[in-house]
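J.: What the sequence shown shows, in numbering that gives the first Met the number 0, is residues 0 to 271, in sequence order. Note that CB positions come from ideal geometry on N, CA and C, so glycine has one too. These numbers were taken from a predicted model, which means no experiment stands behind them. This is the structure, below, for whatever I ask next.
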Amino acid sequence: MKLIPKPVFRKAMVAVYDDLSAAARTVSNIIANHIFPCTLEFMDQPTLQVVEDFAKIGLPIHAKAMLAIEQDGNVEDVERDLKKLEEICMASGAVQLTVAETPEEGAKVMEARRSALAALSRLRPTTILEDATVPRSKIADMVQEVQRIAQKFDVQICTFGHAGDGNLHPTALTDARNSEEIHRVEQAFAEIFEVAIEMGGTITGEHGVGIVKAPYLEWKVGEAGIRMMKSIKDAIDPHQIMNPGKLFAETRKRMIYQRTPSPEQDQQIQTP
C-alpha cells in the first residue's frame, strides 16, 4: 500500500440538466477528455426533491438531473480542470452551472450527495439500496429504465450514484411489514438487475454479492461461471464450514423462492 499526500486544494461545482441524456453525455465527455474528478456524482429529480426537503440547501428540484463534481490537487491543476469541466458541461447540455467560490460552499455541494440516503430513509420505514452498474454511456438509459420499472410495479425508487464509473444506487422506499408491496419491490429490482445486465453492466458495482444478491449471480456469470466458482469453493472448503449455505446448490435455489414470494406465499414463509 502506498499513501499519497493529502491534496492541498479542492474545488466543487454543480451542473444542472433538464435532460437525462445530457447529464450522461457530460460524464462520457469528461472522461473522454482525460479529466478524472475526485468526485463525479449523479442525482435524479426524485432524489433532488427528497434531499432538498431534508437539507434545505437550494437544490434545483425541478431539474431532471444534477451532477456534483469535485476536483483536488494543486491550485493550478484544479483551476485548469474546473475551467475545462465548465466548458464540457455547457457544451454537453447543462442548463445551469455553479462553481463553489469557497471551501464551505464546496462542502455544501458535496453534502447534498452524502445526504441522499439519510434523506430518503426518513420517508418510509424501509429503505432498500442497490448498486446496479452500467457503462457510463448507458447511465441515462438505465435511469429512465429504473423510472419505468418503478411505475410498472407502482413502487417509489430514487436513483443517485457514482456517475464516473456508472455505479448507480436505485433506492426503494417501502415498508417491510407490507408483504404485497415488498413483493412488488422485489419484482422491480429483479427487472432492474436484468436490464443492467442487458446493457452490458452488472448486478453490483461495489457492494458485492451476498445472501441477498445470490439468486441473481447466475444471470451475470451463467451456469458455467457458477460451476467454476463452486469448484473453487469446494477445493478450498471441502467440508463447507466457511460461511455455509449462502451462494450455492439448494440454498441458492431456495433463496430465489424466498426473495420473490407471492403475497400468499409470504404468509407461509417462516423466518429462521
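1) Can you tell which of 30, 7, 81, 114 has the C-alpha that lies nearest to the C-alpha of residue 136?
2) With three or more C-beta pairs closer than 8 angstroms as the rule, is the segment 162–173 touching the segment 188–207?
3) Apply the 10 Å Cβ neighbour rule to residue 1 and answer buried if 16 or more other Cβ atoms are within range, or exposed otherwise.
4) Since residue 202 and residue 131 are thought to touch, with beta carbons under 8 angstroms apart, how far apart are those beta carbons, to the nearest angstrom?
5) Quick check on DSSP: helix, strand or coil for residue 126?
6) Does the Cβ-Cβ distance between residue 143 and residue 156 come in under 9 angstroms?
7) What does a CB cutoff of less than 6 angstroms around residue 215 pick up in its chain, not counting 5 residues either side in sequence?
8) Would you mind stating whether residue 66 and residue 115 have Cβ atoms separated by less than 9 angstroms?
9) Cβ atoms of residue 11 and residue 88: under 9 angstroms apart, would you say?
10) Any heavy atom of the ligand MN closer than 8 angstroms to the CB of residue 204?
11) Enumerated in chain order, which unbroken segments of the alpha helix (DSSP H) with a length of 4 residues or greater are wholly contained in the segment 2–85?
12) Taking residue 25 as the reference, give the member of 207, 57, 198, 164 with the closest Cα.
13) So within the segment 105–149, which uninterrupted alpha helix (DSSP H) runs reach at least 4 residues, ignoring any that extend past its ends?
14) With burial defined as no fewer than 16 other Cβ atoms inside 10 Å of the residue's Cβ, what is the status of residue 7: buried or exposed?
15) My assumption, with CB atoms under 8 angstroms, is that residue 41 sits in contact with residue 127. Please give the rounded CB distance.
T.: According to the data block:
1) 30
2) yes
3) exposed
4) 6 angstroms
5) strand
6) no
7) 192, 202
8) no
9) no
10) Ligands in the displayed structure: none, and consequently the ligand MN is not present.
11) 19–31, 44–54
12) 164
13) 115–120
14) exposed
15) Wrong, their Cβ atoms sit about 19 angstroms apart, outside the cutoff.
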